[in-house]
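**Q** Sharing a structure here in C-alpha cells format.
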Amino acid sequence: MKQKARIIEALSGIVGREQVLTEKEDVLPFGFDGTAALKKAAECVVFPGTVEEAAAVVRFCSENDLAMVTRGSGTGLSGGSLPVEEGIIICLLRLNEILEVDADNLTLLAECGVITQKIAEAASAEGLFYPPDPGSMKISTIGGNVAENSGGLRGLKYGVTRNYVMGMEVILPDGTVTFLGNKCVKDVAGFSMKDVFIGSEGTLGLITKVLLRLVPPPPARQTMLAMYPRMEDAATTVSEIISRKIIPCTLEFLDQVTIQCIEDYAKIGLPTDAGAILLMESDGPLSVVEAEALEMADIARKNGAREVRVAKSVEEANELAAARRTAFSALARVRPTTILEDATVPRSELTKIVTFIQEIGKKYQLRIGTFGHMGDGNLHPTFLTDEKNHEEMEKVEKAMKEIFTFAISLGGTITGEHGVGVAKKNFLPQQYGAEGIKLFKTFKAAIDPKGLLNPGKLVDVERKSRSA
Amino acid sequence: MKNFPSNVNSPSMGKKNYLADMDYSVLQQCMHCGMCLPTCPTYEETGRERNSPRGRIALMRAVADGELKIEKAFADEMYYCLGCLACVSACPAGVDYADLFEKARAQAEEEKVLTGKKRRLVRWLTLRLLFTRPRLLRFVGRSLWLYQASKLQAAFRGLRLNKLLPKRYRELEELTPTAEARFSHQQIPLRATAYGEEKYQVGLLTGCVQDIVFASVNADTAEVLRHNHCTVITPRVQHCCGSLHGHNGEYELSKEMARKNIDAFDLSSLDSIITNAAGCGSHLKHYDRLLADDPEYADKAREWSAKCKDIHEWLDEIGLVTPQGEGGAQRVTYHEACHLCHGQGIRVPPRNILRAIPGLELVELEESMWCCGSAGIYNITQPETSRKLRDRKIGHIRKKPVDCIASANPGCNIQIQAGLQADGAGGIPVKHPVTILAEAYRK
Chain A
0 MKQKARIIEA LSGIVGREQV LTEKEDVLPF GFDGTAALKK AAECVVFPGT
50 VEEAAAVVRF CSENDLAMVT RGSGTGLSGG SLPVEEGIII CLLRLNEILE
100 VDADNLTLLA ECGVITQKIA EAASAEGLFY PPDPGSMKIS TIGGNVAENS
150 GGLRGLKYGV TRNYVMGMEV ILPDGTVTFL GNKCVKDVAG FSMKDVFIGS
200 EGTLGLITKV LLRLVPPPPA RQTMLAMYPR MEDAATTVSE IISRKIIPCT
250 LEFLDQVTIQ CIEDYAKIGL PTDAGAILLM ESDGPLSVVE AEALEMADIA
300 RKNGAREVRV AKSVEEANEL AAARRTAFSA LARVRPTTIL EDATVPRSEL
350 TKIVTFIQEI GKKYQLRIGT FGHMGDGNLH PTFLTDEKNH EEMEKVEKAM
400 KEIFTFAISL GGTITGEHGV GVAKKNFLPQ QYGAEGIKLF KTFKAAIDPK
450 GLLNPGKLVD VERKSRSA
Chain B
0 MKNFPSNVNS PSMGKKNYLA DMDYSVLQQC MHCGMCLPTC PTYEETGRER
50 NSPRGRIALM RAVADGELKI EKAFADEMYY CLGCLACVSA CPAGVDYADL
100 FEKARAQAEE EKVLTGKKRR LVRWLTLRLL FTRPRLLRFV GRSLWLYQAS
150 KLQAAFRGLR LNKLLPKRYR ELEELTPTAE ARFSHQQIPL RATAYGEEKY
200 QVGLLTGCVQ DIVFASVNAD TAEVLRHNHC TVITPRVQHC CGSLHGHNGE
250 YELSKEMARK NIDAFDLSSL DSIITNAAGC GSHLKHYDRL LADDPEYADK
300 AREWSAKCKD IHEWLDEIGL VTPQGEGGAQ RVTYHEACHL CHGQGIRVPP
350 RNILRAIPGL ELVELEESMW CCGSAGIYNI TQPETSRKLR DRKIGHIRKK
400 PVDCIASANP GCNIQIQAGL QADGAGGIPV KHPVTILAEA YRK
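If you read the sequences in order, they're chains A and B. So the first sequence is numbered by numbering that gives the first Met the number 0: it starts at 0 and just counts up by one. So the second sequence is numbered by numbering that gives the first Met the number 0: it starts at 0 and just counts up by one.
Now the structure itself:
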C-alpha cells in the first residue's frame, strides 16, 4: 500500500489507533471469509465504532482513492468480503445495537453488526417472528445478510432477507449518509433504492442500519423426515408437493454423503443407509398443519419413500433443523477442500438437475455431496476435493461450468443465495448476456463512479482515480 | 539465573518443526466457515479474527506454508487461547483443534520467541521440576499443608502481609489451594476390593494437583467404584499425566509422562483406567495419538486409550448403582469443565449421576459450558482475561440460589471457589459430583 503510514495515521485519527489493524498476525486472518480455497492478503482493517466514524472513514478513502471492502463476521460464501489490493477492510462488527422493536408496526431497527440470531431472539421476545434463517445465523451479521440477500431453510414459504427489509441507512461511496425506506407497508415514492442495495454485495454502499419487517409466529408446526432409497424420488416428491399447491415452511434435501457427515457430527440418529432424505416442515394453524403434513407424507410414500418419520417434540424438530444447518461444514469431514455451489432451478425441473449432477459426478470422477433447499429449487452440490490436487481442481472447474450451463438452460440461476462475489463472477455474463452486464456496469458507475467499493466483485468496472 | 534452560526439549538436537511436519490435512480441515466464532471466549472478548479459532488456525497454516515466521505475536496469540476447546464442540467439520493448538505452542517454544527470566523460571519450576517428579510435588504439597495447618497462612493474611505483595502475586496468593493432610495413596489401599460382587477390575489415576489438593476426591472415587462392583487398583506413585506439558508447548516431555504412566499400570489385567479430573482425562485419552510414532509404546498406548474412561462415563456405561440415602446437598448446579464437555464430549453422564441421588434437585446453570477461566495455568499466565471469565461464571451462579456447585475438574473448583470469595456474596461449597455421590452412599 502506498503511503501506508499516512493512511494509518489518518484512519487512527478517526477511529482510534487500537481500532486500526496492520500487523501481519492481526490482518492475516482477515484474508478470507467462509468461501473455500479463496485467500487474499489483507493490509489494513478498520473498526469504526459509530456510523459517523464509518462515514468519515469512507470519506477519507474516497478522497484518497482507496478501495474499500465492507465486512461483518466474514461468513460469506462467494468471497464478497475478500480483501482487495491497495484497499482497506471496514469491519462493522462494533455497530451491534438493536435500536428498536416496534410492536405496533411490527418492525425492528438494528445496526448492521447485530448477529442474525439476536434479531430472531429479540423478535421472539416480543412475540414476533423474523423468518430468514441462513445456515450461519449464529454468527452472521444482519448487515451482511442484507448485502448478500441471504436465504435459508424457510425461503420456500417465507421468502428471503429481501422480503423483510423495509428500510436501511447507507453510507454512499463519497461518505454521504442517507436513509432509504420507512415503516409504511405501502410506499411508492420514487425509485425503490433500498431494493438496489439488497444483495449489492458491498459494491454500492455500506449498509449501517436495517429496518426489518416482523410477522406473527405460526401457532403450530410439524416436522417430518422422509427416507428414500433413491435421490431422484426425493426430487420428484418435492415437485409434486408444489404442483399440488402445498407450500410448506421447509423442504430440505440431503443425499447420502451429506447424511453420513451430519450424523458423524451431530449424532442425532439420522438414517445413514438412506440414499436421500427430505426434511419437511409445515407450520401455521394446527388444523392446516395436520392436514398438510398428512398429505405430504402421502406424496412422499407414493413417490418411493421407504419410511416417513414424524418428529415427536419441538426439541427434536429444532435438533433436525440445526443439524441440517451444519451440512456444508460437516461435508468438510470427507476431503480437504469443500467447494459449495448453489445453482438454482424452477421447481418443476428438480429431478432433471439432481440426475444431471449425479451424471456429472460420474463423468469427471468427482465426489459430490448434494443437499439444499429443494422446496425453493436451491440446491447445494458440493465438491469434495483437494485444492492441492491441480488436476482434480481443473475437473471441478469443468464440472461446475457444466452444472451452471445446465441450470441456466432450465431457466435457473448460477446462485440462489450465496451471491456472485469473486467466486461466480465469471459465470454471470452467461446468465445475463452482454445487455444485462452492461446495465449492471452502468448502474454501478452511476452510484460508485470511482469504482472504490468492493472492486473486482460481482462485476468488473474500471477503477478511476483522480491521478489517472 | 542465566543457566535455566529456556527450552526443555533436548536443546542440543536440531530444531523440530511441529506445524510444517504435521499431516497437512488436519490444517486443511478448517474451511473457515466461522461456526466456531460465537463459542470462543477470546473472540467474544475482542471481536478480532486472530483471537478466534479459525484465525489461529489460519496463522498456524501460514506458518506451515512458510508464509509466516513465528515471532512473539504468534506465540502470544497461542497463549491467549484458553485451550477450552469450545470450538471443537462447535466445529461441524471435525477439526482437531486440540492437536493443532498443542503443536503450535510447542513450535512457539521451539522458536524461543517468548523470553523473560521470570517466565523461564516459572516454566522450569513447574513443568520441568515439580510436575515431573511426583515425590517432590508431594513434598511441596506437604509443606503447603503445614503452612496452612499451622495457621501461618491465616496469620500471613491476618496481619495483612499479603497486601505488601505486588498486585500480581497477591492475586496469585488468593488462588493458593488448600492442601489436604493425607495424599491419595495414604487414603486408598493399593487394592480396594468391590463391595459385594466384583464385576470389574479398574485402575485409578490419582493425578498430581488432585492428589495434593483434592485427595479426598480420589478416595471418594475409589469408594464410589467399590459401590459399583469395581475392585480398584491404585498404584502408589503416579506421574503427572502430562497435560500441563502438552498444553504448554513441552511436547516431548508430555510423551515422557505418558510412557511413565502407562508403565505404572498392568493394562491387560484391567477393564478400565479411571480418571476423575476432566483436564487430565481429555489428555490421557490421547496417549494413542501422542505415542503413535513410538515403536515400543504405540500398541500399549492404543490399549490405554481404549480403556481410559472418565469416572462419569464409566458409571454411566456399567449402570450406576442408585444410592439409597440422600446426599448432603438439595439444590445443586452443575458447571461443565471444558475438558469434560468439549474435550471428551461428556455432558449427560454427570447430570445422570446427580439426578440419581435421592432428594437432589439439579438446577441448570446458564452458560454451563462457557469456560470459567481456570484453563490449566491460564489464571496464572493471563490473569486479566481469566478474572473476567471467572466473574462471568460467578454472575450466572449467583442468579439462582443453590447450596452446592458440582464440577469435575480441580482447576475449575479452585477458580470458582476463589471467585465466590472475591465477590463477597457468601461461599457455596464446590464439590466433585463423585463426592456428592459418595456422601449419598454413606448415608
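Where a beta carbon is used, it is the ideal one built from N, C-alpha and C, also for glycine.
(1) Express the C-alpha separation of R308 of chain A and S231 of chain B in angstroms, rounding to a whole number.
(2) Output the boundary residues of the alpha helix (DSSP H) element that contains D101 of chain A.
(3) Within the continuous alpha helix (DSSP H) that includes Q323 of chain B, where are the two ends?
(4) Taking C-alpha atoms, which residue in B:K306, B:D309 and B:G344 lies nearest to K266 of chain A?
(5) Let me confirm a value: C229 of chain B is counted as buried when at least 16 other C-beta atoms fall within 10 Å, else exposed. Which label applies?
(6) What span of residues does the alpha helix (DSSP H) with Q200 of chain B cover, start to end?
(7) I'd like to confirm the pairing. Which residues does DSSP put opposite P380 of chain A in its beta bridges?
(8) For A92 of chain B, which option in A:G12, A:I407, A:L330 and A:P216 has the closest C-alpha, if you only look at C-alpha atoms?
(9) Indicate whether the contact test is met: 3 or more Cβ pairs, each with one atom in the segment 23 to 32 of chain B and one in the segment 329 to 343 of chain A, closer than 8 Å.
(10) Reducing DSSP to helix, strand and coil, say where S271 of chain B ends up.
(11) Examine chain A for any beta-carbon lying closer than 7 Å to the beta-carbon of W369 of chain B, and answer yes or no.
(12) Which partner residues of K208 of chain A appear in the DSSP bridge assignment?
(13) For C229 of chain B, which beta-bridge partners are listed by DSSP?
(14) Under a three-way DSSP split, which group does M59 of chain B fall into?
(15) For S77 of chain A, which of helix, strand or coil comes out of DSSP?
(16) Quick check: what's the CA-CA separation for K443 of chain A versus A124 of chain A?
(17) Name, in chain order, the residues that DSSP records as bridge partners for L84 of chain B.
(18) In this structure, does DSSP put S281 of chain A in helix, strand or coil?
(19) Could you work out which residue in A:L427, A:K156 and A:T21 is closest to A342 of chain A when comparing CA atoms only?
(20) Which partner residues does Q221 of chain A have in the DSSP bridge list?
(21) Between R366 of chain A and chain B, is the shortest Cβ-Cβ distance under 7 Å, so that the two count as touching?
(22) To the nearest angstrom, how far is the alpha carbon of Y129 of chain A from that of T115 of chain A?
(23) Answer yes or no: does any C-beta atom of chain B fall closer than 7 Å to that of A35 of chain A?
(24) For the structure I just gave you, are there three or more beta carbon pairs, one from the segment 305 to 315 of chain B and one from the segment 275 to 282 of chain B, closer than 8 Å?
(25) Pull up the distance between the alpha-carbon of S253 of chain B and that of S242 of chain B, whole angstroms please.
(26) Please check the pair G420 of chain A and V83 of chain A, which I expect to be a contact at CB under 8 Å, by giving their CB distance rounded to whole angstroms.
(27) As a quick exercise: from A:G166, A:E200 and A:P172, pick the residue whose alpha carbon is nearest that of P191 of chain A.
(28) Just how far apart, CA to CA, sit V145 of chain A and I197 of chain A?
(29) What does E22 of chain A reach in chain B if we use C-beta pairs closer than 8 Å?
(30) Determine, for K423 of chain A, whether the minimum Cβ-Cβ distance to residues of chain B falls below 7 Å.
(31) By alpha-carbon positions, which one of A:R220, A:P380, A:A433 and A:E401 ends up nearest to H417 of chain A?
(32) Below 8 Å on C-beta distance, what does A57 of chain B contact in chain A?
(33) Quick one: give me the first and last residue of the beta strand (DSSP E) that A405 of chain B is part of.
(34) Starting from the C-beta of A234 of chain A, find all residues in its chain whose C-beta is less than 6 Å away, skip the five residues before and the five after it, and write them out in chain order.
(35) Answer with yes or no whether the minimum CB distance from R443 of chain B to chain A is below 7 Å.
(36) For a test of your reading of the model: does the CB of P40 of chain B fall under 6 Å from any non-hydrogen atom of the ligand GTP? Yes or no.
**A** A quick look at the data gives this:
(1) Going by the sequence as given, residue 231 of chain B is Val instead of Ser. Those two C-alpha atoms are separated by around 46 Å.
(2) Unbroken run through D101 of chain A is the beta strand (DSSP E), I97 to D101; no alpha helix (DSSP H).
(3) Run containing Q323 of chain B: none; DSSP gives neither H nor E here.
(4) B:G344
(5) buried
(6) Taken as a continuous stretch (DSSP letters only), Q200 of chain B belongs to no alpha helix (DSSP H), being part of the beta strand (DSSP E) at Y199 to L203.
(7) According to DSSP, which records beta bridges pairwise, P380 of chain A is partnered with A:T369.
(8) A:L330
(9) yes
(10) strand
(11) no
(12) A:E110 and A:E168
(13) C229 of chain B is bridged to B:Y199.
(14) helix
(15) coil
(16) Straight-line measurement puts the Cα of A124 of chain A at about 39 Å from the Cα of K443 of chain A.
(17) Note: L84 of chain B sits in no beta bridge, so no partner.
(18) strand
(19) Checking every option, the nearest Cα to that of A342 of chain A belongs to A:L427.
(20) Residue pairing for Q221 of chain A: DSSP places it in a beta bridge opposite A:S281.
(21) no
(22) Each residue's alpha carbon lies about 9 Å from the other.
(23) yes
(24) yes
(25) 7 Å
(26) About 12 Å; that fails the 8 Å criterion.
(27) Checking the sequence shown, residue 191 of chain A turns out to be Ser, not Pro. Closest option to S191 of chain A, Cα to Cα, is A:G166.
(28) 5 Å
(29) A72
(30) no
(31) Of A:R220, A:P380, A:A433 and A:E401, the residue nearest in Cα terms is A:P380.
(32) Those within 8 Å of A57 of chain B in chain A are L27, P28, G30 and F31.
(33) Per DSSP, A405 of chain B belongs to the beta strand (DSSP E) from C403 to A405.
(34) L349, T350 and V353
(35) Not covered by the structure: residue 443 of chain B. The range shown for chain B is 0 to 442.
(36) Among the components modelled here there is no ligand, and therefore nothing to report on the ligand GTP.
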